[in-house]
Amino acid sequence: MLQDIPLSAAAIQEWLDTAPMMTVDDVRARPSTLATRLARYWLPDETILYIGKAVSLSDRVGGFYSSRIGHARPHRGGMWLKTLSNLDHLTVHYAVVDRDPGPVESRALGAFMARVSAGSRRRYPEQERDLPLPFANLEWHSEGKRCRRQHGIARPTAD
Numbered sequence: 023m024l025q026d027i028p029l030s031a032a033a034i035q036e037w038l039d040t041a042p043m044m045t046v047d048d049v050r051a052r053p054s055t056l057a058t059r060l061a062r063y064w065l066p067d068e069t070i071l072y073i074g075k076a077v078s079l080s081d082r083v084g085g086f087y088s089s090r091i092g093h094a095r096p097h098r099g100g101m102w103l104k105t106l107s108n109l110d111h112l113t114v115h116y117a118v119v120d121r122d123p124g125p126v127e128s129r130a131l132g133a134f135m136a137r138v139s140a141g142s143r144r145r146y147p148e149q150e151r152d153l154p155l156p157f158a159n160l161e162w163h164s165e166g167k168r169c170r171r172q173h174g175i176a177r178p179t180a181d
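The sequence shown: position 94 = 116 (my numbering), numbered continuously.
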């Protein structure tokens, strides 16, 4: 577990260079403002950074690795992960399910959020303490509704 978010200054700069119209709270993003915003969502006592679903694990992982930061295709879901300086030291864990992975992902996210420590919840933006998603998850679909992180980052891709 890491107390401080291990951000890569080079990755953040690459993201901003690729998506120059990106804003944070309607103001043109700078490396410092983007880094500060990402850090707000770091949960220092959690080891899970992202929970996702895929029909094909090899396609999803391949899409993650072939997507450049700041591009929506083939897999935009990994952008926040790609800002981390320790990305090469992270591990993908997976489970095979014999049914639609969507509800399984939703339950896994719900279980994660139910167990986030009080200390980590206090670090979260006050208006979002009921939605302490893993660092790189931006939304949760539950009971037919979509709960989206209100991170204030707009136009994060060049596409």
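Idealized CB from N, CA, C, for every residue including glycine.
Rounded to the nearest whole angstrom, the C-alpha separation of Asp39 and Tyr146 is 28 angstroms. Straight-line measurement puts the Cα of His93 at about 8 angstroms from the Cα of Pro178. Distances from the CA of Leu65 to each of Ala33, Pro28 and Thr45 were compared; the closest alpha carbon is that of Pro28. Ala158 sits away from Gly85, with the two beta carbons spaced by 8 angstroms or more. Ser139 sits in coil when the DSSP states are folded into three classes, being neither helix nor strand.
Judged by DSSP in its simplified three-state form, Ser89 adopts coil rather than helix or strand. Trp37: member of the alpha helix (DSSP H) spanning Ala31 to Thr40, first to last residue. For Ala176, DSSP records a beta bridge to Thr45. The beta carbon of Ile34 sits closer than 7 angstroms to the beta carbons of Pro53, Leu56, Ala57 and Thr105 from its chain, once the five residues preceding and following it are set aside; these are given in chain order.
Within the region 45-82, the complete alpha helix (DSSP H) runs of at least 4 residues fall at 53-61. Judged by pairs of C-beta atoms under 8 angstroms, the region 118-137 touches the region 71-80, as three or more such pairs exist. Looking at the DSSP output, Trp162 bridges to Cys169.
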